[in-house]
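Protein chains in written order, with this note's numbering: chain R, 26 to 249; chain U, 8 to 353; chain Z, 418 to 968.
Glycine is no exception: its CB is placed at the ideal position from the N, C-alpha and C atoms.
Being a predicted model, the structure only gives us computed values, none of them experimental.
Notes follow the structure.
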């Protein structure tokens, strides 16, 4: 396992120090991710409290079934990611690569569904700035309330940036799978798998917040 | 002095200017004291303990805890004084007195458009009477500006989509600088003008001079008919919105709990974005006028609701001030709440 | 873990990080924190020069009341470019990415930062961001002011907003990655025996700064994304015509940009702690108070952003809270200033060049900090907001404090970085020029501000000309003060005397390795047995040789 021996970088005393450092670095990075999305969530909170009715009305335009299905897909991908980390820690190369490929598959399904949903919004003319007709008037020509367009601006910004995070994640996973098959990781050293796993779980958790905030507020108000 | 060296203070031309300058003097004194103290001690110690030989190894000094506490607490106490004075003064500068006259200010790149309640309009000039509190209702048509009159020590941002307020009571006649203080693009430094403080009767004459025009409340009444506001906001079979007679200054109950004071900001918001606050017992049926009306039109409607409709109930108890034709801005605030039921009959 | 032993004493004299590899590639692909620090040093010097060029355009224009030197479009671009270049591409990276990068691993006795590859990546990210910003400035300019307030920046400005927003967004990640790197390094890479309360205060200061970088920078990043979406597509987040609130942008912007001031000043304060202690041979007075005050500033710094909005539509009650919290930040700053001064007490003081810069820092930062009280005082701020008083205040803090600290640090660690001593005469002259020129430039601006002169004005009423001419004259002295170091420092690289290992008789671990340090910093991992600033156990041979210290 010469490849494992060389994966201790020169400036660390031992594997333990190297791993602890990586974990701390990754968590610091995730904290900055929390602040990054935090700015978006804050904007959401401000405008939703300002235009609760318009937000509910706009939210009702989303396809809850697709969003719900996507949520399940993403939760599954978190499970397969956790399994990949577990396989890596046991030195199971093939298992790790397999779980990673499954994770990539779930991630790609999620993105595919997302593209389909975006297409739907395009067809309904709900893209802020580019097509405004659906944001100004519904199909019967009744004007939309103020804040309706802001909801969609936030919808695209939030889900879009979430999708960008997934698009960055997938090549990372692919890279791990290839390196894993080449025997770069073993029970002593699988830090990159673990770190990418943390990242992937984080991206999933963001969606767990996005889904109810974007998809379910319409259903809630509609019930009244 | 004169031309050779510039003055250190702008003219003191409003009632708050003296107090702002006193606070400023205190702050300058604090700054000078601590700067001289610390720099002086630093230089003194630096030379007193200058190194005499390279082999010098001074004995380590262990700071006493009381000293650290002392120099934390003393600045804190000073800060408390400044904080309290600052907050008090802030509320003084931004809370107009009840008897203030109202003037509408609209910022637009790169000019200040000003309208008096008598109907007089002017651009980049603001004529005001001496010794009368003047309330400015400020907004912007495009980007953020800031209405700044250093001689009065006042400044307030003009924010599109929002109405802000400031006031002053001029104590000196003459002309004073008016600036836009918030960067607004190419000709930002050209968005300047002057405030002209005049004796009361001179101001009256000026109001009816060449700048005179239709009072905004009259224009507002016309718009009120033209936009068909009247059909819903009137007692009767077609009423679908709250009646507006005597509304100004009253506290209204909102749908879903809570109350709001029907001040200028509230009325403005209710015109441009009526769904933001719905009065209890009504449905959100009113069309959104955001982007449909110019700021001047919104101001005209506001003036009508405030000065004409708002006084309907109140006018029975409060006589309009005789000296100044401008409608007394918020003069009705105190009395309307009690006597508003009379307006229901209109 | 056998590497440090076998190559121990062999090539101690010959090989250092500058000479062991010399190809261009070895610089551009280096993972050595010391070389990356130099890459940063070179790049930010370029951006400082660009920013300085725009500053001189501004000062020349303001010589006369009329707008006659530049058109108003050009003037607006000049002050915007000055702000963007100086803040995002000079001040923010200056102390952490140059001095912190170089010294922090040495100070904690590590061979490198925790993530050397990420460190190099952050420089490339920084350069990518800077390239966008420079391109924006060259290809038609940016005229929004560095604060980029919408709806002007989003809807009305015809200038290169997209490119500039992209530049700031990208460069932000360089800052975040540097912060992550420092945090991991300080937590996990300290040498044996180097406990938290034995750390030099420069490390504490950079640690606190890193917290601000990691927690604050992502918020400006997302704000830039929102502004970009608004400018390019018209999403309407901050457009009142679409129901958005322009003041929300100010909240998001200042949530980062106020703490960003602490990114600029905290590490500079760390430099000052090192310098004052070294040149008075005293342990820093109230060490733990100074260390904790850095953390206090970093944390409180996040809670004061609303003081930029006292004249907006922000609720006055919110304003009260922000005013109170702003006053609270004054306390840890005051604690630092008093402790620095007290450090000289019963010390052994020499006024070498870094000490002169530290003295300059003290004088200027005091004025900068105390004039901050004016602006925290709500009733006073109404009159001063958006005037030259604010301009003078933040220049006193960020240039008087931040740049003085940076200059002090450069002069303090220059012998370590290059292995050469610089001219004492010219460097002291430069410190004097900068101090005098700075006060001459910015003190009149306090008066102008109180007179009511708004900032970002291309032309102004005649009665303010005298003060503006004074300011411009001061700026030319200041410019000489900044050009001088470029000359004598460059000169020292080629002709300077060889620097000894520890020219100032300082105690930090960085002074225990050779000057310049070997590629992996230490031949043997140092073991720390004493507290920081223990001058008692400094051997006599460590004191500067007379001939080495002076040219």
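Whose Cβ in chain Z lies nearer than 7 Å to the Cβ of residue i?
i, result
"residue 119(U)", "In chain order: nothing, as chain Z lies at least about 14 Å away."
Residues of chain U with CB under 9 Å from residue i, in chain order?
i, result
"residue 221(R)", "Per Cβ cutoff of 9 Å: no residues; residue 221(R) is ~44 Å from chain U at best."
"residue 68(R)", "What residue 68(R) touches in chain U: nothing, since even the nearest Cβ is about 16 Å away."
Name, please, each residue of chain R whose Cβ falls closer than 7 Å to the Cβ of residue i.
i, result
"residue 605(Z)", "42, 45, 46 and 49"
Determine the chain U residues that contact residue i at a beta-carbon separation under 8 Å, and present them in chain order.
i, result
"residue 78(R)", "282 and 291"
"residue 780(Z)", "42 and 46"
"residue 873(Z)", "190, 195 and 196"
Using a Cβ-Cβ cut-off of 6 Å (strictly less than) and excluding sequence neighbours within five positions of residue i, which residues of its own chain qualify?
i, result
"residue 641(Z)", "582, 585 and 586"
"residue 352(U)", "Low confidence applies here, because residue 352(U) scores a pLDDT of 34, under 50, leaving its location unreliable; read the following figure in that light. Hits under 6 Å: none found."
"residue 18(U)", "158"
"residue 798(Z)", "727 and 792"
"residue 503(Z)", "468"
"residue 742(Z)", "720 and 721"
"residue 27(U)", "160"
"residue 313(U)", "255"
"residue 812(Z)", "859"
"residue 505(Z)", "585 and 588"
"residue 646(Z)", "652"
For residue i, which residues in chain Z fall below 9 Å Cβ to Cβ?
i, result
"residue 153(R)", "646, 650, 651, 652, 653 and 659"
"residue 114(R)", "Correct list: empty, because the minimum Cβ distance to chain Z is about 21 Å."
"residue 239(U)", "Going along chain Z, no residue has its Cβ under 9 Å from residue 239(U), so there is no contact; the nearest lies around 23 Å."
For residue i and residue j, which I take to be in contact (beta-carbon distance under 8 Å), what is that distance rounded to the nearest angstrom?
i, j, result
"residue 269(U)", "residue 256(U)", "6 Å"
"residue 837(Z)", "residue 913(Z)", "3 Å"
"residue 30(U)", "residue 796(Z)", "6 Å"
"residue 107(U)", "residue 140(U)", "4 Å"
"residue 815(Z)", "residue 781(Z)", "Wrong, their Cβ atoms sit about 10 Å apart, outside the cutoff."
"residue 495(Z)", "residue 464(Z)", "Incorrect: roughly 15 Å between the Cβ atoms, too far for contact."
"residue 707(Z)", "residue 753(Z)", "6 Å"
Can you pull the chain U neighbours of residue i, defined as C-beta to C-beta under 7 Å?
i, result
"residue 814(Z)", "The premise fails here: residue 814(Z) is roughly 13 Å from chain U at the closest Cβ pair, so nothing lies under 7 Å."
"residue 728(Z)", "153, 162, 163 and 164"
In its own chain, which residues sit with a C-beta less than 7 Å from the C-beta of residue i, not counting the 5 before and 5 after it?
i, result
"residue 810(Z)", "785, 788, 789 and 792"
"residue 457(Z)", "510, 514, 515, 518 and 540"
"residue 593(Z)", "630, 631, 634 and 635"
"residue 878(Z)", "482"
"residue 120(R)", "112"
"residue 712(Z)", "625"
Kindly list the residues whose CB is nearer than 8 Å to the CB of residue i, restricted to its own chain and excluding five residues on each side of it in sequence; keep chain order.
i, result
"residue 37(R)", "43 and 46"
"residue 875(Z)", "478, 484, 487, 489, 492 and 493"
"residue 278(U)", "296, 300, 305, 308 and 309"
List the residues of chain R whose Cβ lies closer than 9 Å to the Cβ of residue i, in chain order.
i, result
"residue 631(Z)", "53, 54, 56, 57 and 60"
"residue 527(Z)", "36"
Along chain R, in chain order, which residues have C-beta atoms closer than 8 Å to that of residue i?
i, result
"residue 295(U)", "168, 170 and 171"
Any heavy atom of the ligand COA inside 6 Å of the beta-carbon of residue i?
i, result
"residue 659(Z)", "By its list of ligands, the structure shown contains no ligand whatsoever, and the ligand COA lies outside what it can speak to."
(message) As an exercise, report each continuous beta strand (DSSP E) stretch of at least 3 residues that is fully enclosed by the stretch 152 to 210 of chain U, in chain order.
(response) 152 to 156, 161 to 165, 171 to 176, 181 to 187 and 200 to 205
(request) Specify whether the stretch 222 to 230 of chain R and the stretch 71 to 83 of chain R touch according to this definition: at least 3 beta carbon pairs, one from each stretch, less than 8 Å apart. (result) no
(request) Please list the segments of the beta strand (DSSP E) lying wholly inside the stretch 59 to 137 of chain U, counting only runs of 3 or more residues, in order along the chain. (result) 108 to 115, 118 to 123, 128 to 130 and 132 to 136
(request) Kindly provide the ranges of any alpha helix (DSSP H) runs that are 4 or more residues long and lie completely inside the stretch 568 to 610 of chain Z, ordered along the chain. (result) 578 to 605
(request) Could you say if the stretch 432 to 451 of chain Z and the stretch 463 to 481 of chain Z meet the contact criterion of at least three C-beta pairs nearer than 8 Å? (result) no
(message) With three or more C-beta pairs closer than 8 Å as the rule, is the stretch 133 to 146 of chain R touching the stretch 46 to 64 of chain R?
(response) no
(message) For the structure I just gave you, are there three or more beta carbon pairs, one from the stretch 896 to 904 of chain Z and one from the stretch 212 to 221 of chain U, closer than 8 Å?
(response) no
(request) Would you be able to state if there are at least three C-beta pairs under 8 Å between the stretch 756 to 771 of chain Z and the stretch 685 to 693 of chain Z? (result) yes
(message) Contact between the stretch 560 to 568 of chain Z and the stretch 604 to 623 of chain Z is defined here as three or more beta-carbon pairs at a separation below 8 Å; is this criterion met?
(response) no
(message) Suppose only complete runs of 4+ residues qualify. What are the alpha helix (DSSP H) ranges in the stretch 814 to 882 of chain Z, listed by chain order?
(response) 821 to 835 and 841 to 868
(message) Extract the residue ranges of the alpha helix (DSSP H) inside the stretch 899 to 933 of chain Z, only unbroken runs of 4 or more that lie entirely within it.
(response) none
(message) Check whether the stretch 95 to 103 of chain R and the stretch 695 to 703 of chain Z touch, using three or more Cβ-Cβ pairs below 8 Å as the test.
(response) no
(request) Count the CB pairs spanning the stretch 168 to 188 of chain U and the stretch 143 to 158 of chain U that are closer than 8 Å, and state whether there are at least three. (result) yes
(request) Could you tell me which uninterrupted alpha helix (DSSP H) segments, each at least 4 residues in length, are contained entirely in the stretch 704 to 746 of chain Z, listed from first to last along the chain? (result) 704 to 717
(message) Three Cβ pairs or more, each shorter than 8 Å: is that satisfied between the stretch 860 to 869 of chain Z and the stretch 885 to 896 of chain Z?
(response) yes
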